[in-house]
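1863 is the number that my numbering gives to position 459 of the sequence shown; each next residue is one higher, with no gaps. Working notes, structure below.
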Amino acid sequence: MIWRKGFRDDNSFVEAGPTLGERFAEVWHGRGAGRFFRLLWFIATVPFRILGHAFGLLLWWRHAHAESGISPRRLRHLLQGLPAVVVAIAVLAVAGVVIGRESHLRDAYRIEAVNAFRNDRPEDARIYYERLFRLDGGTAETRLFLGLTLEKLGNKEESHHLIHGVADGDAGGDPRANRWVAAKLLSDPKTLQDRGQLRLAYQHLAKAERGLPQDANVKLDLVKYHLAMGEIPKAIPKLVAAASADPALNYDLSRLYVATGQSESARQAMERAERHFRKELETKSDDRRARLLLATCVANLGRFEEAVAVLNEGLAHDPEGPYGPAIARIYIAAYDRRALQQPTDNRAMIAALREALRFDPKSVDAAVRLATFGEPPGASLGGVAPSVDPKIESEARDMLEGLLAAGEQPPAVHMALGLKSWRGADLDKAQWHFERAYELDPTLAGVANNLAWVLSHQKNADLERALEIIDPIVERFPDVAHFRDTRGEIYLRMNRWNDALQDLERALPSLRENPRIHESLASVYEGLDQPEMAKRHRQEAAKAAKPTQ
1405 MIWRKGFRDD NSFVEAGPTL GERFAEVWHG RGAGRFFRLL WFIATVPFRI LGHAFGLLLW
1465 WRHAHAESGI SPRRLRHLLQ GLPAVVVAIA VLAVAGVVIG RESHLRDAYR IEAVNAFRND
1525 RPEDARIYYE RLFRLDGGTA ETRLFLGLTL EKLGNKEESH HLIHGVADGD AGGDPRANRW
1585 VAAKLLSDPK TLQDRGQLRL AYQHLAKAER GLPQDANVKL DLVKYHLAMG EIPKAIPKLV
1645 AAASADPALN YDLSRLYVAT GQSESARQAM ERAERHFRKE LETKSDDRRA RLLLATCVAN
1705 LGRFEEAVAV LNEGLAHDPE GPYGPAIARI YIAAYDRRAL QQPTDNRAMI AALREALRFD
1765 PKSVDAAVRL ATFGEPPGAS LGGVAPSVDP KIESEARDML EGLLAAGEQP PAVHMALGLK
1825 SWRGADLDKA QWHFERAYEL DPTLAGVANN LAWVLSHQKN ADLERALEII DPIVERFPDV
1885 AHFRDTRGEI YLRMNRWNDA LQDLERALPS LRENPRIHES LASVYEGLDQ PEMAKRHRQE
1945 AAKAAKPTQ
């Protein structure tokens, strides 16, 4: 290149020595203790090197243009201004070196920070991101990932401050930060009950979707938002978009289609989910999750025997896997499907429940269906049993007693017989069966709840024992309305008004159609000397007791 050449008086090109950049590289990459001093010497001599080159250039220029008539005064002015030019060039050269060095350092820190973050080394990532923060002034990218790193290290307050700042930044903020804020809001159960918090989550999700229009996680968070708002039709298009990226989501999409009465779309989505999980299982045959979901898809498509075969194959190769209870659920689903058909096949239905109990002796669902066998679908367990064909009733009881005599699944069978006795108003026999079931398996929460109820409602009520049984169940399952209701009723009979009010009001949203809970709350408010609230609940009880037209 021309600027790499020197000039002689005869205008011919000659090879020049190393450039300034090459000399700088030689000095900078030098080895030994003198590296720093060599660098200083190089920078100090840069102006003189430039001056020497410039002087040689001027001599050439003067020689080349001697005949052009340039005045000596113009040449003198040029020479007088040359030192200032040389100094300016030297300053720019040094500044360029510093800026280049900082840029190189920023890139190095950024690479190390990203590697540490991805490889789950939050302590290292924090060090690099904090150094990068000082170098780049805290860009949105640096603040976001420093915040995520601090969250991993348990520094929630500073982490949230940084990420919220990025989410609320200029031009709508960083979409990843907005998605993070929305996901945190939606993961809090309190948010799902608070319309104001839900709207705030939606504002962040809208910003996230604008910046990440194809992100499946953003779509899923929008689905969660719409479901919390009760807007299933609005949730479906978002889930369709997410399922195009993740076919496993077709399973959830099918359930939404069912909820909106779109049976054909539900079937098609379930078939897509089936194909996806079948491919996953072909790739990795020991994938428990894929096998369970494949069996569920097949069962939802009405192919119960094939679903059981899929799970039995898993059970044969993985006896410790969660396949026994899953097979029981398939048989229960088959029972429910047959219960809706006319005419009903009682023998096949009983056989399905027997198989369910064989694979899962603790199946409360199977026991409940045995207790209500022969009754209309959807019959409530909360009251007296409707009239049943005596032949069917006798067949169900004979099967239960036969299982008990053979020593098969005694906890579940005792529970079923206890439910039958309870619904037949034989509380003594119900108590006996519930006690046997509870002694055999105290982990059966439904049995404990029923036993506590019977103990508190029988003629010679044992309220202390009933409370002793139901307390740990409520502690273990604090959000189950029926368990809260049972304990609230026990507190009511013990005249512990405030305790009863707390449990019954927690149970009320799920049981508001039951007149009995309103009657119980009326009694509680009378005990608390609040007649107006007592009157209101008696009105609600009367309204709930009226038959629907």
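Every residue, glycine too, gets a C-beta built ideally from N, C-alpha and C.
Test item: CB-CB of residue i and residue j under 8 Å
i       : j       : result
GLN1597 : LEU1589 : no
VAL1627 : ALA1612 : no
TYR1533 : LEU1509 : no
LEU1859 : ARG1897 : no
HIS1861 : HIS1837 : no
ALA1703 : ALA1711 : yes
ALA1957 : PRO1882 : A question about residue 1957 goes unanswered here, because the residues of the chain that appear run from 1405 up to 1953.
LEU1715 : ILE1734 : yes
VAL1768 : GLY1850 : yes
ARG1692 : PRO1651 : no
LEU1831 : ALA1800 : no
ALA1517 : LEU1536 : yes
ALA1856 : ALA1870 : yes
LEU1604 : TYR1629 : no
Proximity test, residue i beta-carbon vs the ligand ATP heavy atom, cut-off 7 Å
i       : result
SER1860 : Summarising the ligand content, the structure contains no ligands, and the ligand ATP is consequently not present.
Straight-line gap, residue i to residue j (C-alpha atoms, nearest Å)
i       : j       : result
ALA1699 : MET1753 : 20 Å
ALA1820 : PHE1763 : 17 Å
LEU1548 : ALA1529 : 12 Å
ARG1916 : HIS1922 : 8 Å
LEU1660 : ASN1654 : 10 Å
SER1667 : GLY1569 : 45 Å
ALA1771 : ARG1920 : 25 Å
ASP1933 : ASN1899 : 13 Å
ALA1945 : GLU1805 : 39 Å
ALA1841 : GLU1909 : 30 Å
ARG1514 : LEU1539 : 11 Å
ALA1865 : ALA1755 : 38 Å
GLN1618 : ALA1645 : 8 Å
ASP1845 : ALA1713 : 30 Å
LYS1795 : TRP1826 : 20 Å
SER1914 : ASP1907 : 12 Å
ALA1911 : THR1546 : 47 Å
ILE1640 : GLY1665 : 13 Å
GLY1718 : GLU1709 : 14 Å
PHE1777 : LEU1744 : 13 Å
GLU1555 : LEU1848 : 39 Å
LYS1863 : TRP1901 : 22 Å
LYS1560 : ILE1567 : 10 Å
MET1803 : GLU1839 : 21 Å
ARG1758 : PRO1723 : 21 Å
LYS1947 : LEU1696 : 44 Å
Closest Cα partner of residue i within the set the options
i       : options                      : result
HIS1680 : ALA1649, ARG1707 and TYR1661 : ALA1649
TYR1739 : ARG1869, ALA1711 and ALA1760 : ALA1760
ALA1949 : ASN1918, ALA1926 and GLY1931 : ASN1918
VAL1585 : HIS1565, ASP1574 and LYS1683 : HIS1565
GLN1607 : ASP1592, ASP1625 and ASP1619 : ASP1625
LEU1905 : GLU1527, ILE1894 and LEU1925 : LEU1925
ALA1544 : PRO1637, VAL1518 and ASP1574 : ASP1574
GLU1879 : LYS1833, ASN1853 and ASP1619 : ASN1853
SER1927 : LYS1947, TYR1895 and ALA1911 : TYR1895
SER1591 : GLY1541, ALA1632 and GLU1555 : ALA1632
Contacts around residue i, its chain only, beta-carbon distance under 7 Å, and the 5 residues preceding and following it disregarded
i       : result
TYR1929 : MET1937, ALA1938 and HIS1941
THR1553 : PHE1521, PRO1526, ALA1529, ARG1530 and TYR1533
VAL1502 : Per-residue confidence for VAL1502 stands at a pLDDT of 47, beneath the threshold of 50, marking its modelled position as unreliable; the derived number appears in the next sentence. Excluding residues within five positions, none has a Cβ falling inside 7 Å.
ASP1903 : TYR1895
PRO1935 : none
ALA1620 : ALA1646, ALA1649 and ASP1650
HIS1886 : ASN1853
Cβ shell of residue i (< 8 Å), same chain only, five flanking positions each side left out
i       : result
LEU1616 : PRO1579, ARG1580, ARG1583 and VAL1622
ASP1572 : none
ALA1694 : PHE1681, GLU1684, LEU1685 and LYS1688
LEU1808 : PRO1814, VAL1817, HIS1818 and LEU1821
LEU1705 : ARG1671, MET1674, GLU1675 and GLU1678
ARG1614 : GLY1576 and PRO1579
Own chain, CB closer than 6 Å to residue i, minus 5 neighbours either side, in chain order
i       : result
LEU1657 : LEU1643, ALA1647 and ALA1673
ALA1382 : Not covered by the structure: residue 1382. The range shown for the chain is 1405 to 1953.
GLU1678 : CYS1701
Min CB distance residue i to chain B below 8 Å
i       : result
ARG1525 : In the displayed structure, chain B is absent; only one protein chain is listed.
Quiz item: Contact between the segment 1889-1907 and the segment 1864-1880: three or more CB pairs below 8 Å?
Solution: yes
Quiz item: Looking at C-beta atoms only, is the number of pairs between the segment 1722-1737 and the segment 1745-1752 that lie closer than 8 Å three or more?
Solution: no
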